[in-house]
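The sequence shown begins at -7 in our numbering and counts up one residue at a time. Only one structure is covered here, and it is reproduced in the block below.
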Amino acid sequence: MLTLYQFESCPFCWKVKALLHYAKIPYTAVEVNPMNQKELAHLNLKKVPVLADSDQIVTESSAIMDYLDTNYAHLPAGDESTAVWRGWVDDTLVHFLPPIVHKDFATSWQTFGQVLKPSGYGAIKRSLVRFAGAMAMSRVAQKKARERGISDAPAALKAAVDRWVQEGLMGRSFHGGEQPDLADLSVFGILRSTDGLSAVLLACEHSPAFAAWYAQLKSMTASTAV
Ligand SMILES: N[C@@H](CCC(=O)N[C@@H](CS)C(=O)NCC(=O)O)C(=O)O
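What follows is the structure in structure tokens.
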């Protein structure tokens, strides 16, 4: 039985969940408290996602996806562009979302309100995590964006969406062709972490082709944790 240690708000965790749900791999999700990560203390780890497969522990979202693909999902092997796009997701795309969904305290408060709904937390814990999260993220997200030279995150996201549609999809249903591959699931997973929020809405309004691709993947990954 697989256990995924995660934060409901974590884009890297959503990449892993996109694959788990698409391939209908049963797993149990453990929501980690982002303030003290106490659920990970016994593993001596601090970052999510973490996958436990019996006594095998796998860290780093892309390594977890590889592990799941090799051992459970067995998706058709992509070409070398699959690896290039997956690298782009981890190094570039993921950094455009926080400055949008945590633009200021009010926006971040909204974001945490939505992403924490399915966390299973009670009302008091959810409010505490929501407040602490919004305080921290509204500051950290802008600081990190500045450090990375992202001055206009919405414009950067729109350009990234255009690039994915033109060079990634190239008129096909998916990067993988008729079926999604690990590149599709990685791009999708990152965006799915902010489903219904400004970043995804912006991306889908900007590009109807992106919106159609996103909607298809959303329905293909609609299963929930078992
Ligand atoms: N490179 C890692 C990044 C994981 C990561 O940054 N996770 C964040 C949540 S989105 C985290 O656990 N932060 C808690 C911490 O750093 O203490 C991956 O791909 O899994």
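For each residue, glycine too, the CB sits at the ideal point set by N, CA and C.
- Item | Residue burial classification, residue 132 (beta-carbon count within 10 angstroms, cutoff 16) | exposed
- Query: Measuring CB to CB, does residue 65 end up less than 8 Å from residue 11?
  - Reply: yes
- Item | residue 78 versus residue 179 - alpha carbon distance | 8 Å
- Message: Excluding the 5 residues flanking residue 60 on each side, which residues of the same chain have their C-beta closer than 6 Å to its C-beta?
- Response: 11
- Compute every distance between the C-beta of residue 196 and the non-hydrogen atoms of ligand 1, then say whether any falls below 7 Å. no
- Coarse secondary structure for residue 15, derived from DSSP in three states: coil
- 8 Å contact criterion, which residue 154 and residue 199 should meet: CB distance rounded: 7 Å
- Item | Closest residue to residue -2 among 204, 214, 69 and 185 (Cα-Cα distance) | 185
- Message: On a Cα-Cα basis, can you pick out the residue from 27, 26 and 50 that is closest to residue 35?
- Response: 50
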